Amino acid sequence: MEALLIRTAWMIGVLMLFVLVFRKRRLAFQQAVSQQFEHLSGKFGTGTAMPEAIVVANYAYPDFGEMDKLLAAHASVPSIVVFFGPEWLKDIKCKQWHSHIVITPREAGWPTEEKLLFRVLAKRRGMFVLVNEAMAYLAEQLKGKVSP
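For the sequence shown, the residue numbers in the working numbering are 4 to 151.
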């Protein structure tokens with residue numbers, strides 16, 4: 004009986020350790036993203052409507068055409084789009100994606116050799132979330148179903 008209590012207490016301790024580590028990582032993620040978001044919003048925000056999301060767009064990705072159409076549609080809330088691609092193409096996309104703030108990874112202070120796929124860092128209910136399905140997020144935001 005005593006061995007069972009010891010094992011149970013040990014398992015509860017290990018579980019609590021996992022919870023603490025997870026919470027610490029989540030808090031570190033929130034702080035890092037919050038600082039990055041505030042930095043980019045302060046540096047590139049328009050002042051009238053502050054961006055609610057950071058969208059990563061990589062022109063080399065096979066579904067770039069679909070994302071291009073979604074970003075070209077008018078958005079009620081602008082996003083900061085970190086565009087991985089040639090500078091000349093970024094200049095064209097700035098004009099086409101006029102509802103958004105388009106910057107390069109270098110302007111964002113991100114490593115340029117790292118080719119990120121489509122992702123969105125969005126603010127929801129006061130917390131930042133990483134959305135892996137960027138095109139679905141943008142499509143729903145365009146329809147007004149998602150509040151950033």
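Idealized CB from N, CA, C, for every residue including glycine. Quick caveat, the model's predicted, so the values are computed rather than measured.
Output yes or no for whether 8 Å exceeds the beta carbon distance between residue i and residue j.
i      : j      : result
Val134 : Ala142 : no
Arg122 : Val59  : yes
Ser82  : Ile57  : yes
Val85  : Lys96  : no
Tyr62  : Leu92  : yes
Val80  : Glu41  : no
Leu23  : Ala111 : no
Leu73  : Leu7   : no
DSSP beta-bridge partners for residue i?
i      : result
Asn135 : Beta-bridge pairing links Asn135 to no other residue.
Met126 : The sequence shown places Lys at residue 126, not Met. Answer by DSSP bridge pairing, in chain order: Phe131.
Ile1   : Since the first residue shown for the chain is 4 and the last is 151, residue 1 is missing from the structure and cannot be characterised.
Could you tell me how far apart the beta carbons of residue i and residue j are, in whole angstroms, since I believe they sit closer than 8 Å?
i      : j     : result
Trp100 : Ala75 : 6 Å
Output needed for residue i: all residues of its chain with C-beta closer than 6 Å, excluding positions within five of it in sequence on either side, in chain order.
i      : result
Ala12  : none
Lys27  : none
Val149 : Below a pLDDT of 50, predicted positions are generally treated as unreliable, and Val149, at 48, falls in that range; the measurement from the model is reported next regardless. Here the set comprises Glu143.
Please report the residue range of the alpha helix (DSSP H) in which residue i lies.
i     : result
Ala75 : 67 to 75
Trp91 : 90 to 99
Would you kindly report the start and end of the unbroken beta strand (DSSP E) that includes residue i?
i     : result
Ala56 : 56 to 61
If I measure Cβ to Cβ from residue i and keep anything under 7 Å in the same chain, skipping five residues before and after, which residues do I get?
i     : result
Gly16 : none
Which same chain residues, not among the five before or five after residue i, have their C-beta less than 8 Å away from its C-beta?
i     : result
Met70 : Ala60, Tyr64, Phe121, Ala137, Met138, Leu141
Pro89 : Tyr62
Verify the contact flag: residue i, CB atom, against every heavy atom of the ligand HEM, threshold strictly below 7 Å.
i     : result
Gly88 : Only the bare structure without any ligand can be found here, which leaves the ligand HEM out of the picture.
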